[in-house]
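Student: I have a structure I would like to understand better, so I am pasting it below and will then ask my questions one at a time.
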Amino acid sequence: MNDTPLNVPPEKIPQHVAIIMDGNGRWAISRGLPRVAGHKAGTENLRRVIRSTVEFGIKYLTIYAFSTENWGRPPEEVQGLMGILQDVIDRELNELHDEGVQLRHIGRLERLDPKIQAKVLHAIELTKNNDRLILNIAWNYGGRDEIICAIQKILKDGIAPDDVTSELVSRYLFTVGVPDPDLVIRTSGELRISNFLIWQAAYSEWYVTPTFWPDFDKDEYRRALEIFAQRDRRYGGVSEAVANKARNG
Ligand code: FPP
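Residues in the sequence shown are numbered from 142 upward in steps of one, following our numbering.
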């Protein structure tokens, strides 16, 4: 395994990385396997990526695992994905807990099978005091759904229109208390946001790679972080150098 050290100064390590784990289906089809085999290989890769995330010193990782639109997939694939979620909790929870990972869920839990809901709630409760890595699992998650849910709660709480600010909306999202992602990684080459963190990713940097998710390895993760460290984040303003030039002539 290539274990080249990460060449990024600590202040340039993103605090929060979010990943669209795309390309499992094509990875499987290209090997003559059923799509669910791609999701299983993707899950194995997720284990490795979680460990690398801890090793790189990243505090928050959000993964897009099942979207509100994924219910439209063939029933055997939806069943397969729900089975994977249960297996991961059954098999990996204790190890993740020992490693200091705090599990959180974003999305609509109440629309899942009650057995799955119970497992997810148990995982959240067990790991709630861990702080080495906060792992947000987006499951039955959609960015528009999240915003609708926030608007409903804001109206129910009787918030006055003038009090609705960007900070207030952020506090009503599933990601309350989590800083916005600094870097969004999308595998398999698609150039779209796919309803993922559409509020939170307003100023995120992107790394898009043609690599299918099961093949996205530590070496490429490291490269993505090194590229991110070179970015000049301006948030709609100007870079420090340009601002200084404007100030000093
Ligand atoms: C996108 O690839 C991937 C998904 C819709 C599912 C990702 C889920 C996992 C890797 C399982 C994670 C498990 C847990 C418990 C968090 P695709 O199927 O859209 O690929 P394609 O575009 O090539 O068809």
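Note that beta-carbon positions come from the ideal geometry of N, C-alpha and C, so glycine has one too. Here the structure is a predicted model, which is why all the values come from computation and not from measurement.
Would you mind working out which of L253, I289, L274, V383 sits nearest T194, comparing C-alpha positions?
Tutor: Checking every option, the nearest Cα to that of T194 belongs to L274.
Student: Hey, is G173 close to ligand 1, as in C-beta under 6 Å from one of its heavy atoms?
Tutor: The answer is no for G173.
Student: In or out: N235 buried (at least 16 other Cβ within 10 Å) or exposed?
Tutor: So N235 counts as exposed.
Student: Measuring from the CB of V229, is there a heavy atom of ligand 1 at a distance below 6 Å?
Tutor: V229: yes, Cβ under 6 Å from ligand 1.
Student: When you compare the CB positions of I161 and F337, do they come within less than 7 Å of one another, or not?
Tutor: Cβ distance < 7 Å, so I161 and F337 count as in contact.
Student: Just tell me which of Q293, L262, R245 has its CA closest to the CA of N392.
Tutor: Residue coverage of the chain in this structure runs from 142 to 390, which leaves residue 392 outside it and unanswerable.
Student: Looking only at C-alpha atoms, which of P255, K386, F357, N281 sits nearest to G213?
Tutor: Of the candidates P255, K386, F357, N281, the one whose C-alpha sits nearest the C-alpha of G213 is N281.
Student: Hey, is the segment 177-195 in contact with the segment 296-313, meaning 3+ C-beta pairs nearer than 8 Å?
Tutor: Not touching, per the Cβ criterion.
Student: Would you check if the segment 353-361 and the segment 373-385 touch, i.e. whether three or more CB-CB distances between them fall below 8 Å?
Tutor: No: the two stretches stay apart, fewer than three of their Cβ pairs being nearer than 8 Å.
Student: According to DSSP, simplified to helix, strand and coil, what is I204?
Tutor: Note: I204 maps to strand in three-state DSSP.
Student: If I follow the unbroken beta strand (DSSP E) through Q124, where does it start and stop?
Tutor: Since the first and last residues shown for the chain are 142 and 390, residue 124 lies out of range.
Student: With a threshold of 8 Å on Cβ separation, who are the neighbours of L309 within its own chain once the five nearest residues in sequence on each side are excluded?
Tutor: Here the set comprises I295, I300.
Student: For D323, count neighbouring C-beta atoms within 10 Å of its own C-beta (all shown protein chains included) and say buried if the count is 16 or more, exposed if not.
Tutor: So D323 counts as buried.
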